[in-house]
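Right, one structure below, let's go through it.
Number of protein chains: 2
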Amino acid sequence: MTTIKAGKHIEEIEGDAKRTPRGTGRRLHGAIAHKLGTAILSGKYAPGDTLSGEVAFAEELEVSRSAYREAMQVLTAKGLVESRPKAGTKVLPRNRWNLLDPEVLAWAFAGEPDVEFVRSLFELRAIVEPAAAKLAAERRDKADIKAMKDALVAMRRHTLATEAGRSADRDFHNAILQATHNDALLVLSASIGAAVNWTTQFKQRSRALPRNPIPDHVKVFDAIVAGDGVMASDAMRVLVDLALDDTRSAMNTDQPSLPE
Amino acid sequence: MTTIKAGKHIEEIEGDAKRTPRGTGRRLHGAIAHKLGTAILSGKYAPGDTLSGEVAFAEELEVSRSAYREAMQVLTAKGLVESRPKAGTKVLPRNRWNLLDPEVLAWAFAGEPDVEFVRSLFELRAIVEPAAAKLAAERRDKADIKAMKDALVAMRRHTLATEAGRSADRDFHNAILQATHNDALLVLSASIGAAVNWTTQFKQRSRALPRNPIPDHVKVFDAIVAGDGVMASDAMRVLVDLALDDTRSAMNTDQPSLPE
DNA sequence: TCTCCTATTTACTCCGACATAATATAGCGA
DNA sequence: TCGCTATATTATGTCGGAGTAAATAGGAGA
Numbered sequence: 084m085t086t087i088k089a090g091k092h093i094e095e096i097e098g099d100a101k102r103t104p105r106g107t108g109r110r111l112h113g114a115i116a117h118k119l120g121t122a123i124l125s126g127k128y129a130p131g132d133t134l135s136g137e138v139a140f141a142e143e144l145e146v147s148r149s150a151y152r153e154a155m156q157v158l159t160a161k162g163l164v165e166s167r168p169k170a171g172t173k174v175l176p177r178n179r180w181n182l183l184d185p186e187v188l189a190w191a192f193a194g195e196p197d198v199e200f201v202r203s204l205f206e207l208r209a210i211v212e213p214a215a216a217k218l219a220a221e222r223r224d225k226a227d228i229k230a231m232k233d234a235l236v237a238m239r240r241h242t243l244a245t246e247a248g249r250s251a252d253r254d255f256h257n258a259i260l261q262a263t264h265n266d267a268l269l270v271l272s273a274s275i276g277a278a279v280n281w282t283t284q285f286k287q288r289s290r291a292l293p294r295n296p297i298p299d300h301v302k303v304f305d306a307i308v309a310g311d312g313v314m315a316s317d318a319m320r321v322l323v324d325l326a327l328d329d330t331r332s333a334m335n336t337d338q339p340s341l342p343e
Numbered sequence: 084m085t086t087i088k089a090g091k092h093i094e095e096i097e098g099d100a101k102r103t104p105r106g107t108g109r110r111l112h113g114a115i116a117h118k119l120g121t122a123i124l125s126g127k128y129a130p131g132d133t134l135s136g137e138v139a140f141a142e143e144l145e146v147s148r149s150a151y152r153e154a155m156q157v158l159t160a161k162g163l164v165e166s167r168p169k170a171g172t173k174v175l176p177r178n179r180w181n182l183l184d185p186e187v188l189a190w191a192f193a194g195e196p197d198v199e200f201v202r203s204l205f206e207l208r209a210i211v212e213p214a215a216a217k218l219a220a221e222r223r224d225k226a227d228i229k230a231m232k233d234a235l236v237a238m239r240r241h242t243l244a245t246e247a248g249r250s251a252d253r254d255f256h257n258a259i260l261q262a263t264h265n266d267a268l269l270v271l272s273a274s275i276g277a278a279v280n281w282t283t284q285f286k287q288r289s290r291a292l293p294r295n296p297i298p299d300h301v302k303v304f305d306a307i308v309a310g311d312g313v314m315a316s317d318a319m320r321v322l323v324d325l326a327l328d329d330t331r332s333a334m335n336t337d338q339p340s341l342p343e
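Line order of the protein sequences matches chains H and S. With the working numbering applied, the first sequence corresponds to residues 84 to 343, in that order. With the working numbering applied, the second sequence corresponds to residues 84 to 343, in that order.
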């Protein structure tokens with residue numbers, strides 16, 4: 084007998100189905116959750132579907148039941164599935180999903196993102212961000228202004244074509260939400276930031292950005308510094324609308340099914 | 084020896100620390116997550132704190148490591164903690180918490196809710212709900228109107244003092260968000276609904292509601308039915324502002340540290 | 001003094017068994 | 001024949017322990 088005791092055959096697993104340990108800090112159950120999460124978000128498992136039993140599915144994934152179960156707890160925590168004895172694990176209806184969870188959002192954008200959903204996100208941005216800019220103009224302090232200024236400088240140095248530039252863009256929007264000194268709004272930052280990031284990448288994917296986004300951002304910044312809430316709100320509304328236009332045209336001309 | 088084999092001593096546990104199985108559908112790891120979640124949200128474990136090791140903590144809670152770990156996966160999924168080998172499990176900074184997650188929100192309101200946080204939530208409502216009402220007025224269909232009407236009828240029958248009435252209130256706001264036909268907004272429904280619910284209960288706790296909320300709701304409803312976005316938005320703004328006033332005065336006159 | 005290596009601590013993964021709860025089925029009574 | 005109750009089935013839930021992998025701390029060598 085081969086006397087394989089504990090998790091000895093991990094190597095075959097990695098070489099086979101899940102080359103899990105990408106980078107550092109990636110755990111096995113996290114990888115499973117990612118795999119199943121994207122599968123659900125992409126529609127491979129539709130709401131109402133019943134997943135295979137724990138033992139069968141864990142075996143199919145070539146992981147232990149423990150790891151599989153821990154992954155399911157993650158999906159359950161995010162409202163994607165629900166497990167009950169005897170009944171099995173079922174995919175919950177879409178309105179139970181925590182679509183604003185950063186990780187779920189990432190799963191949603193892992194495959195071909197739903198055009199309708201992107202539109203929803205921009206509509207949310209169009210509602211929240213102008214209002215946030217208004218509050219920021221009324222409440223910003225020195226530190227907030229500095230954070231926004233730094234982000235703007237970084238955006239000018241790198242372009243949106245680089246990751247550093249996109250990061251600076253996110254930092255700018257994040258700084259605005261931070262300046263509202265509102266925890267609930269700040270949480271949306273992670274969600275909105277993710278949406279901004281993914282859609283910006285989509286814009287880049289199809290064509291070079293034809294328009295210089297800096298002036299629009301500067302207008303928002305100036306209004307906030309001046310403490311003019313209405314002007315900040317208006318400027319931000321323009322910014323979001325333009326971003327929506329760009330993304331929309333980019334997605335229309337975007338040929339689907341690009342390989343990863 | 085007592086020859087206790089598997090989970091045989093659950094009874095002592097239930098009678099002791101965690102009287103877990105309240106109702107049906109409550110799992111052990113869910114109870115652990117609830118317990119630790121409320122502990123973190125209440126500040127018993129502050130950001131940066133390192134929790135005891137798996138073995139020690141699981142033993143302290145009188146549960147198996149599996150159950151404890153599954154609970155931790157839930158907390159990790161909601162951004163409350165982060166675990167790394169050797170370093171242990173640490174509570175993440177507040178800005179990493181998914182405060183809009185319905186479950187986290189429930190944990191936040193399980194103890195004495197932070198006044199500042201409640202204010203943040205109402206500010207979010209004041210931003211989102213009027214805009215949602217406007218969209219709803221432009222896009223509502225027959226089914227949406229029926230859902231709102233039914234909720235209004237139920238609100239009239241029961242008062243906000245009853246759970247049925249609060250449920251109807253939530254249904255009404257939920258129906259409006261549903262009528263926007265926007266998935267991203269709909270997700271906020273769960274969060275906002277929870278906030279509405281908790282704060283409504285707080286209002287009830289300190290005194291009888293002096294004002295009849297029905298007319299305000301009817302105004303919103305009529306505007307949406309008429310398809311008048313601006314009017315719907317205005318009416319909703321009034322409604323939220325009034326609710327904020329009520330809650331604020333209720334929390335001011337509210338003597339803290341009421342026993343559960 | 002700095003760098004590299006080793007050692008330890010902690011979480012991570014696996015396994016196999018038993019307990020529990022919800023459903024499906026069969027039996028019983030009206 | 002129909003409806004209700006008791007039993008059997010089956011999948012999730014919980015348990016305990018063993019062994020693996022990773023990150024930090026401390027020590028050895030340059």
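By construction, the Cβ of each residue, glycine as well, lies at the ideal position given by its N, Cα and C atoms.
| message | With H, G and I counted as helix, E and B as strand and the rest as coil, what does DSSP make of Val323(S)? | response | On the second sequence, position 240 is the one that residue 323(S) refers to. Val323(S): helix per DSSP, three-state reduction.
| request: Have a look at Met155(H) and Gly113(S) and give me their C-alpha separation to the nearest angstrom. | output: Taking the first residue of the first sequence as position 1, residue 155(H) is located at position 72. Taking the first residue of the second sequence as position 1, residue 113(S) is located at position 30. Each residue's Cα considered, the two are about 13 Å apart.
| query | Are the region 183-200 of chain H and the region 141-154 of chain H touching, with three or more C-beta to C-beta distances below 8 Å? | reply | Taking 8 Å as the limit for Cβ pairs, the verdict is that the region 141-154 of chain H does not touch the region 183-200 of chain H.
| query | chain S beta carbons: is any one of them nearer than 8 Å to that of His300(H)? | reply | Position 217 of the first sequence holds residue 300(H). No, His300(H) does not count as interfacial toward chain S.
| Do Val201(S) and Thr330(S) have their C-beta atoms closer together than 8 Å? | For the purposes of this step, residue 201(S) is taken as the residue at position 118 of the second sequence. For the purposes of this step, residue 330(S) is taken as the residue at position 247 of the second sequence. In this structure, Val201(S) places its C-beta atom within 8 Å of the C-beta atom of Thr330(S).
| query | When you compare only the Cα positions, how much space is there between Ala215(H) and Glu143(S)? | reply | As a position in the first sequence, residue 215(H) is number 132, starting the count at 1. As a position in the second sequence, residue 143(S) is number 60, starting the count at 1. Taking the straight line joining both Cα atoms gives about 44 Å.
| request: For Lys161(S), go through chain H and note every residue whose CB falls closer than 7 Å to its CB, in chain order. | output: Counted from its first residue, the second sequence places residue 161(S) at position 78. Under the 7 Å cutoff, chain H gives Ala160.
| query | Closest Cβ-Cβ distance between Asp184(S) and chain H: below 8 Å? | reply | In the second sequence, the residue the question calls residue 184(S) occupies position 101. For Asp184(S), a Cβ of chain H is located within less than 8 Å of the residue's own Cβ.
| query | Are the CB atoms of Thr121(H) and Gly194(H) nearer to each other than 8 Å? | reply | One-based indexing of the first sequence puts residue 121(H) at position 38. One-based indexing of the first sequence puts residue 194(H) at position 111. Yes.
| From this set, Pro296(H), Leu269(H) and Glu137(H), which residue's C-alpha is nearest Leu183(H)'s C-alpha? | Within the first sequence, residue 183(H) is the residue found at index 100, counting from 1. That would be Leu269(H), whose Cα lies nearest to the Cα of Leu183(H).
| query | What residues in the region 241-266 of chain S bring their beta carbon closer than 9 Å to a beta carbon of chain H? | reply | The residues in question are Gln261, Thr263, His264, Asn265 and Asp266.
| task | Grab me the residues of Ile123(H)'s own chain with a C-beta within less than 8 Å of its C-beta, minus the 5 sequence neighbours each way, in chain order. | result | Residue mapping note: residue 123(H) aligns to position 40 of the first sequence, counting from 1. Counting only Cβ-Cβ distances below 8 Å, and skipping sequence neighbours, we find Leu158, Leu163, Val164, Val174 and Trp190.
| Neighbour list for Ala226(S) in chain H, Cβ cutoff strictly below 8 Å | Locating residue 226(S) in the second sequence gives position 143, where the first residue counts as 1. Going along chain H, no residue has its Cβ under 8 Å from Ala226(S), so there is no contact; the nearest lies around 14 Å.
| task | Assign Arg110(H) to one of three DSSP states: helix, strand, or coil. | result | Against the first sequence, residue 110(H) aligns to sequence position 27. Correct three-state label for Arg110(H): coil.
| request: State the start and end residues of the unbroken alpha helix (DSSP H) segment that holds Glu221(S). | output: Taking the first residue of the second sequence as position 1, residue 221(S) is located at position 138. Under the DSSP assignment, Glu221(S) falls in the alpha helix (DSSP H) whose first and last residues are Val198 to Arg222.
| task | Taking all protein chains shown into account, decide if Ala309(S) is buried (16 or more other Cβ within 10 angstroms of its Cβ) or exposed. | result | Position 226 of the second sequence, counted from the start, is the residue given in the question as residue 309(S). With a threshold of 16 other beta carbon atoms within 10 Å, Ala309(S) falls short and is exposed.
| request: Report yes or no: do the region 204-222 of chain S and the region 219-226 of chain H share at least 3 C-beta pairs separated by less than 8 Å? | output: Verdict: no, contact absent.
| task | Measure the beta-carbon distance from Asn295(H) to Arg249(H) and round it to whole angstroms, keeping in mind my assumption that it falls under 8 Å. | result | In the first sequence, residue 295(H) corresponds to position 212, counting from 1. In the first sequence, residue 249(H) corresponds to position 166, counting from 1. So it is not a contact: roughly 15 Å between Cβ atoms.
| task | Could you check if Ser272(H) is buried or exposed, using at least 16 other CB atoms within 10 Å of its CB as the buried criterion? | result | Mapped onto the first sequence, residue 272(H) falls at position 189. When all chains shown are included, Ser272(H) counts as buried.
| request: Hey, could you find the ends of the alpha helix (DSSP H) Lys232(S) is sitting in? | output: As a working note, residue 232(S) is residue 149 in the second sequence. Element bounds for Lys232(S): Lys225 to Arg240.
| said: For the region 198-211 of chain H, list every residue whose C-beta sits within 7 Å of some C-beta in chain S, in sequence order. | reply: Listed by position along the chain: Phe200, Ser203, Leu204, Glu206, Leu207, Ile210 and Val211.
| query | Any chance the region 300-318 of chain S sits against the region 253-268 of chain S, with 3 or more Cβ pairs inside 8 Å? | reply | Yes, the region 300-318 of chain S is in contact with the region 253-268 of chain S.
| task | Could you tell me the distance, in whole angstroms, from the CA atom of Arg102(H) to the CA atom of Ala139(H)? | result | Position 19 of the first sequence, counted from the first residue, corresponds to residue 102(H). Position 56 of the first sequence, counted from the first residue, corresponds to residue 139(H). Residue confidence for Arg102(H) is low, a pLDDT of 41 falling below 50, so the modelled location carries little weight and cannot support an answer.
| query | Between Gln261(H), Ile297(H) and Asp197(H), which lies nearest to Val236(H) when the distance is taken from Cα to Cα? | reply | Position 153 of the first sequence holds residue 236(H). Closest by alpha carbon: Ile297(H).
| said: Taking its Cβ as the centre, do 16 or more other Cβ atoms sit within 10 Å of Lys161(S), making it buried, or is it exposed? | reply: The residue given as residue 161(S) occupies position 78 in the second sequence. By the neighbour-count rule (16 or more Cβ atoms within 10 Å), Lys161(S) is buried.
| request: Check the Cβ-Cβ distances between Glu153(H) and every residue of chain S, and say whether any is below 8 Å. | output: Numbered from 1 along the first sequence, position 70 holds the residue referred to as residue 153(H). Taking CB atoms only, Glu153(H) has a neighbour in chain S less than 8 Å away.
| message | From the DSSP secondary-structure annotation, give me the bridge partner or partners of Glu143(H). | response | Reading the first sequence from its first residue, position 60 is the one you call residue 143(H). According to DSSP, which records beta bridges pairwise, Glu143(H) is partnered with nothing at all.
| message | Does the CB of Phe280(S) have a neighbour CB from chain H at under 8 Å? | response | The residue you call residue 280(S) lines up with position 197 of the second sequence. Reading off the sequence, residue 280(S) comes out as Asn, not Phe. Output row for Asn280(S): interface = no.
| Cβ-Cβ distance between Leu119(S) and Phe205(S) below 8 Å | Numbered from 1 along the second sequence, position 36 holds the residue referred to as residue 119(S). Numbered from 1 along the second sequence, position 122 holds the residue referred to as residue 205(S). No. Outside cutoff.
| said: I'd like to know if Leu268(S) contacts chain H, where contact means its C-beta is closer than 8 Å to some C-beta of that chain. | reply: Residue mapping note: residue 268(S) aligns to position 185 of the second sequence, counting from 1. So, interface residue.
| Runs of alpha helix (DSSP H) lying entirely within the region 273-309 of chain S, each at least 4 residues, in chain order | Within the region 273-309 of chain S, the complete alpha helix (DSSP H) runs of at least 4 residues are 297-309.
| For Pro130(S) versus Arg167(S), is the C-beta distance shorter than 8 Å? | Along the second sequence, one-based indexing puts residue 130(S) at 47. Along the second sequence, one-based indexing puts residue 167(S) at 84. Result no, Cβ atoms of Pro130(S) and Arg167(S) do not sit closer than 8 Å.
| Start and end residues, alpha helix (DSSP H) containing Glu153(S) | Looking up residue 153(S) in the second sequence gives position 70. That run of the alpha helix (DSSP H) goes Arg148 to Ala160.
| query | How big is the Cα-Cα spacing for Asp299(S) and Asp317(S)? | reply | Sequence index remark: in the second sequence, residue 299(S) carries index 216 (1-based). Sequence index remark: in the second sequence, residue 317(S) carries index 234 (1-based). Just so you know, the alpha carbons of Asp299(S) and Asp317(S) end up roughly 11 Å apart.
| field | C-alpha gap between His241(S) and Lys127(S), whole angstroms | value | As a working mapping, residue 241(S) is identified with position 158 in the second sequence. As a working mapping, residue 127(S) is identified with position 44 in the second sequence. One alpha carbon belongs to His241(S), the other to Lys127(S), and they sit about 38 Å apart.
| said: Restricting to Cα atoms, I'd like to know which of Ala234(S), Val323(S), Ile210(S) and Ala267(S) is closest to Asn265(H). | reply: Within the first sequence, numbered from 1, the residue matching residue 265(H) stands at position 182. It is Ile210(S).
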